[in-house]
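Working notes, structure below.
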Amino acid sequence: MHLVRRRSVVCAAVVLGLLVPSASIAVAAGAADSSTGGKQARLEQLRSNVAKKPASADPKASHALRTLAVQRESGKVVLAVKVRGGANVSTRLADVARAAKAQGAQQRRVLRQLGTVSIAVPQGQADQIAAQLRQRSDVARVDVVVRKTLSFVPNDEYYSTTAPYLDAISAPAAWDVHQGDATVKIAVVDSGVDVSHPDLVGRISDTYNAVDSGTDVTDTVGHGTFVAGVAAATGNNGIGVAGAAMGASVMAVKVADSTGQIWSDAEAAGIDWAADHGAKVINLSLGSDTPTQLESDAVAYAQGKGVLVVAAAGNDATTTPSYPAAYPQVVAVGATDAAGHRAPFSEYGSWVTVGAPGTGIHSTTPTSGTIDFQPNYDVADGTSFSSPLVAAEAALLWSMRPAVNAADVRAAIVRSAHGYAGLGLGAGQVDFRAAQDALRPDSVPTLTAPADGATVAGVVSLSASSTAPELNFAVDGGPLGSLPQRVVGGTAGVSWSTYGVPNGPHTITAYDCSLGALCNTAVAQASVTVANEAPQVTSPTPSQLLTGNATFTASAPGGAVAFLVDGVRRGLDYAAPYTLASSMSALSDGTHTLTVVSCSATGSCNGPVSSPVTFRALSLHPRFSSVWPNLFSPNGDGRLDSSKATYILPDTEVVRFAVFNAAGAVVRGPVALGTQLAGTHSATWNGVLNTGARAPSGTYRLGIITSRATPSMTLWGSILATVVVDQIAPTMSSISGSGSGFYPYPDHYRDSFAPSLTLSERATVTMTVRTSSGALVRAFSANLPAGRTSIAWNGRNSAGALVPASTYYWTLTAQDPAGNRRGSARYSVWTSSRRLLTKTATLTRSGAQFTSAGGTDLSCAGADPTVSDFAPNGVWLSNVCDPSTNGGQVAAAVYSFTLPSAIGYTSLRVDAYGNSLAPSVLGVGFTRWGTQEYQFTTELLTGTTNAWRTLGPVSATGLVSSSHEVEGTIYVPNEPGVNSMNEYDYDLGSVHLVVTYTVLS
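The opening position of the sequence shown corresponds to residue 115 in my numbering, with each subsequent residue numbered one higher.
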């Protein structure tokens, strides 16, 4: 069950329908008085029933007609006007309300906490009034307020126990720790609550009716009572059911009218009231796929007051985000079957936070029953009932540890959830007992080592005693290690390496954590002084002359050591003996300074620094101008088989060429290239090693080593460049599409053929298409990423012409950036010259050939075949419901049509033949399959003359089932102002469904 936002008119509190299968209709002509007399008699009967309690009827039919009635466009629009902030918000709200009233608007309610006033305006003036209000300097925003209605699927099966799903979320185990505290309030913002229900007496702490700003929360729908029972029905009292937080309190906040509809301003008012009156948790078992600013503001207001908002994810079985569930920091709850599966109706996706059982939920219902629920107790499905389970979980956590905040509770719920991986239910199904263990503790440990004021060096042992399951240590606010330490025997410890840490004062802290790694903010602390010895440079010696490659060395008490030349870090060695090989060619000739610094094992170098040592560099300075390709495949296939290094010599030098592997070992050469003059030269490596074998895949460095003798010494120079050898060709797996076909003619129906494949790495994939005789048709390439991908052929040859209808054969070849290539097997594809053709068909039903017919409230609306002018082939739809007292009602007949098979369906329209006794309105709502939505045609005014009346067309998208079925509901609403008698009807003699569709010619 789930509250779904709608846009339009209300329907009766008790909504009824009359199922009359067409096969059962066999009414003889003359079975009633004359049709006109029979109609008048029926009208008189309906008039006399208006004030009476409606009769009973089939709930499923009632629910469908009620949904249709609610979705019709209403005659008024509600606007939410938000004023600009400041000290005079109340004055601005009053000014805006007065200005709106002067333009014909009616004030509904003021939401001072949100700086918003809602107003009702005539539909035809809504745009104009909204535009005028937006021009005011004191108005920040004007939004349309939407309507919602309860939408759910009751389950008639009555279960005697709630154990299967409560056990699945370990609720009984959690009750052994805490059953909930009455000071913790769960606000059920819903259709109201039956406060006199035996299982809810004593559980209701507050009541508020946001619809009329009163305290009467009578639940004529039953949804809110059901939700309240799931959350907090009294437990262990020998009757009924046990709420998941049986000791907590319920704030009953009614935001739905008697028909289950909700205006967003009423919802926002209910949320604000709950937040202002002490709610810890607000449960919202309602939503739609459209976010509204007013609703978002209300949710944010509650969160700002420390409330945890929990909301149902929705029941449309899609990934479309539902609101308010998808707002930031709301706990969005999807539904499970408590047995390892996502409930088939549940929304899912990355925006869902957790899952909770939502099938076969047993809870309280109004003692008098409703159209959707049995009296006292019933069983139902829906995310509406998953949500209060999670709200109850939050209440148990707050009861156990009152000092925690909403973020703590939310984190415990999320971190303790588990299972249901890959089903789009966030962290998984909630676990009450695990959440208690995961909740942030409020205890503080005691630091036992080191002592406060101690001087430390090297690796230091930290320890603390604690009553929590885990604790964390930190130094200067930064945690030690990635995970909390488990407390064993009341003690936990960790080692702290002070290498790389600045010498001087530091603060050690310890803080208690839960099994969910949620930690208290209160800490124990001690101050210590770090005093590590500085590292020392051991080579070069002061003023030593270095040329070519040199090796620096250092000593240190532990940790890692970084080498810095002229203050620039040149390298890091993590273990003694500390060394660094460095090319002097990279330095300018002259004097330089070397220092070393103490570092941590992670490379953080804030420890003490050595004394500087100066040295002199005098080297040759060759340089690379290019190395290409730096990625190659020396496999002898003629594609990127070698890498060429081009270098520049500043003067005449003796040159050697060498190749080093990743470990620094020479694997090729050194090869003497002789004495070379100043200028540009090159050396090529073909990927062959000194052993004569080809180099395996990996990273290598190409080196140019130069020398030149001088009277006093031999000068050296060296440069290195990195290249990568790739000997592995890309693989193509799971190639699909062989034997399939397509229709290349460009009419947007299967115009191209796109076989899919899985690539092991990014590659250029070439598709080659040939005839059965092997003649080339076309070859083309695409650069495709690694993973599942595809390449498409549009059915054209190399000249760009469409190919004749035939069977063709295709292969794929993948080449990676290194030039490695791999081909596929040969596959087939057929092409056809057929193309789409648009056709129109007309399907006919007599008025009496309906699937079902009736009214949303049988006391004042219905369908009667016997008094139709067209009996036995007609049906008379009559509706005398008073819009001002009965709300918006419909009389309707549902027609089902089986369409011709087609490639696609374009549009639908209905032609309805008949007449009315008085001017009335006629419309059609087409069922959107797989949803609880309708696609409406434009409504039209009917008259007393028999005529064909055309309704539509509308787009057929989503209106045709997989079995080619279309369901249209022809209805007569009680539209205000259409006639003075408030009597609306249409005598339906014949129905045409005109469908436009496409087939292959």
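Every residue gets a Cβ at the ideal spot worked out from N, C-alpha and C, and that includes glycine.
- The C-beta distance from Val558 to Pro564 rounds to 18 Å, too long to meet the 8 Å contact threshold.
- The continuous stretches of alpha helix (DSSP H) do not include Ile762, which lies in the beta strand (DSSP E) extending over residues Ser757 to Leu763.
- With 16 or more other Cβ atoms inside 10 Å of its own Cβ, Gln929 counts as buried.
- A direct Cα-Cα distance of roughly 7 Å separates Ala648 from Val711.
- Apart from sequence neighbours up to five positions away, the residues of its chain that approach Ile283 with a beta-carbon distance below 7 Å are Ala470, Pro471, Leu503, Gln543, Val544, Asp545 and Phe546, ordered along the chain.
- Taken atom to atom, the span from the alpha-carbon of Ala288 to that of Ala506 is near 11 Å.
- With a cutoff of 8 Å on beta-carbon distance, Gly538 and Val466 are scored as near each other.
- Closest option to Leu916, judged by alpha-carbon separation, among Arg948, Ala347, Val573 and Gln375: Arg948.
- The beta-carbon distance between Ala668 and Tyr692, rounded to whole angstroms, is 4 Å. This is short enough to meet the 8 Å contact definition.
- Cβ-Cβ distances below 8 Å link Asn1093 to Ala1032, Pro1033 and Ser1034 in the same chain, with the five nearest sequence neighbours on each side left out; the list follows chain order.
- Fewer than three beta-carbon pairs drawn from the stretch 874-884 and the stretch 949-967 are found closer than 8 Å, and the two stretches are therefore not classed as touching.
- Cβ contact annotation for Arg600 (same chain, cutoff 6 Å, sequence separation greater than five): Glu584, in chain order.
- Looking at the backbone, the Cα of Val335 and that of Ala366 are separated by about 14 Å.
- Check the Cα spacing between Glu409 and each of His391, Ser436 and Thr1058: the tightest is with Ser436.
- Here Val195 is bridged, per DSSP, to Val231 and Val256.
- If only complete runs of 4 or more residues are kept, the stretch 356-396 shows the alpha helix (DSSP H) at 378-390, in order along the chain.
- Looking at the DSSP output, Gly343 bridges to nothing.
- For Asp522, the three-state secondary structure derived from DSSP is helix.
- With a contact defined as Cβ atoms closer than 8 Å, Ala835 and Leu816 qualify at about 5 Å.
- DSSP lists Gly469 and His532 as the bridge partner or partners of Gln543.
- With a threshold of 16 other beta carbon atoms within 10 Å, Leu597 falls short and is exposed.
- A contact is defined here as three or more CB-CB pairs under 8 Å, and the stretch 332-346 fails this definition with respect to the stretch 240-256.
- Counting C-beta pairs with one atom in each stretch, the stretch 1095-1112 and the stretch 1018-1033 have three or more that are closer than 8 Å, which means they touch.
- Residue state for Ile1017 is assigned as coil, using DSSP reduced to three classes.
- Going by beta carbons, Arg317 and Val364 fall inside the 8 Å limit.
- By the neighbour-count criterion, in which a residue is buried when 16 or more other Cβ atoms sit within 10 angstroms of its Cβ, Asp390 is exposed.
- Of the residues assessed, Gln249 falls on the exposed side of the cut-off, its CB having fewer than 16 other CB atoms within 10 angstroms.
- A Cβ-Cβ separation of about 6 Å places Gly401 in contact with Ala439 under the 8 Å criterion.
- With 16 or more neighbouring CB atoms inside 10 Å of its own CB, Ser498 falls in the buried class.
- DSSP places Phe499 in the helix class (H, G or I) of the three-state scheme.
- About 6 Å separates the beta carbon of His735 from that of Gly831, a gap short enough to meet the 8 Å contact definition.
- Here Pro810 is exposed. Its C-beta has fewer than 16 other C-beta atoms within 10 Å.
- For the pair of segments examined, the stretch 929-943 was found to touch the stretch 749-757: the number of CB pairs separated by less than 8 Å reaches three.
- In the three-state reduction of the DSSP assignment, Lys215 falls in the helix class.
- Shown here, Met698 sits in a helix according to DSSP, grouped into three states.
- Close CB contacts of Pro480 within its chain, under the 6 Å cut and outside five residues either way in sequence, are with Asp308, Asp333, Gly336 and Thr339 (chain order).
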